[in-house]
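Participant:
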Amino acid sequence: MSQVDAALFHATVYELTRLIPRGMVTTYGHLARLAGYPSHSRLVGQALKFLGPSIVAAEEANGGGGGGGAGAGAGLGAGEPGEAGEVPWFRVLSASGAISDRGDGGAGAARQAERLRQEGVEVSESGTPTKFRVNLGRYGWCESSFKRLLLVLKKATNSRPVPDAVDLEAGDDEEAHDEEHA
Numbered sequence: 097m098s099q100v101d102a103a104l105f106h107a108t109v110y111e112l113t114r115l116i117p118r119g120m121v122t123t124y125g126h127l128a129r130l131a132g133y134p135s136h137s138r139l140v141g142q143a144l145k146f147l148g149p150s151i152v153a154a155e156e157a158n159g160g161g162g163g164g165g166a167g168a169g170a171g172l173g174a175g176e177p178g179e180a181g182e183v184p185w186f187r188v189l190s191a192s193g194a195i196s197d198r199g200d201g202g203a204g205a206a207r208q209a210e211r212l213r214q215e216g217v218e219v220s221e222s223g224t225p226t227k228f229r230v231n232l233g234r235y236g237w238c239e240s241s242f243k244r245l246l247l248v249l250k251k252a253t254n255s256r257p258v259p260d261a262v263d264l265e266a267g268d269d270e271e272a273h274d275e276e277h278a
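Shown next as structure tokens:
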């Protein structure tokens with residue numbers, strides 16, 4: 097993916113993430129499919145990772161609970177499109193409903209779990225490496241209004257053609273993403 101394509105992909109991921117209703121969650125793979133890249137669930141995680149630690153500090157200072165994407169990355173400056181204050185990154189989970197570990201001793205996953213709980217999402221805890229988990233059957237979001245999504249995608253991507261139909265049944269590399277973050 098070229099830098100231009102990556103920027104468009106990130107913008108699309110941020111727009112789609114903004115559509116996830118409060119109190120609901122979705123998966124990296126679901127967003128990748130909606131963005132028209134069904135085999136790029138890992139890149140969804142990378143896009144959210146670019147929200148970065150500078151935004152975490154700003155959110156925590158403003159009482160927002162903090163925690164940007166995967167908790168590392170370049171970060172976006174305050175006021176820029178796609179900053180964590182505008183993008184509910186914490187509503188995106190692995191295909192199994194697990195909150196992905198960030199290699200930070202669990203602090204980022206704990207922040208994400210807390211943000212979800214603040215929205216009324218039940219987050220279970222276990223002693224496994226992916227300590228926090230959400231029941232996707234109960235809290236999972238699957239947008240059925242593709243017409244609206246396609247309009248958002250068209251606006252976000254401008255120059256990249258938007259698929260006429262999005263195949264939500266298409267496979268992706270989300271399981272590999274889960275294993276990488278387990």
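In terms of my numbering, the sequence shown opens at residue 97 and continues consecutively. We treat Cβ as the ideally placed atom computed from N, Cα and C, and that holds for glycine. Note that the coordinates shown come from a computational prediction; the quantities given were computed from them, not determined experimentally.
Mind checking Pro184: buried by the 16 CB within 10 Å criterion, or exposed?
Facilitator: Buried.
Participant: Where Lys251 and Ala205 are concerned, what is the direct C-alpha to C-alpha distance, given to the nearest angstrom?
Facilitator: 32 Å
Participant: My output table needs one value for Ile116: the three-state DSSP class, helix, strand or coil.
Facilitator: Of the three classes helix, strand and coil, the one that applies to Ile116 here is coil, per DSSP.
Participant: Of the choices Ala128, Arg129, Ala103 and Ser192, whose alpha-carbon is the least far from that of Arg234?
Facilitator: Ser192
Participant: Ends of the beta strand (DSSP E) at Glu221?
Facilitator: Val219 to Glu221
Participant: Report the CB separation of Val140 from Leu189 in whole angstroms; it is logged as a contact under 8 Å.
Facilitator: So it is not a contact: roughly 11 Å between Cβ atoms.
Participant: Given a threshold of 16 other Cβ atoms within 10 Å of its Cβ, counted over all protein chains shown, does Gly167 qualify as buried or as exposed?
Facilitator: For Gly167, the pLDDT reaches just 39, beneath the cut-off of 50, and the residue's location in the model is therefore unreliable, although a value from the coordinates is still provided. Result: buried.
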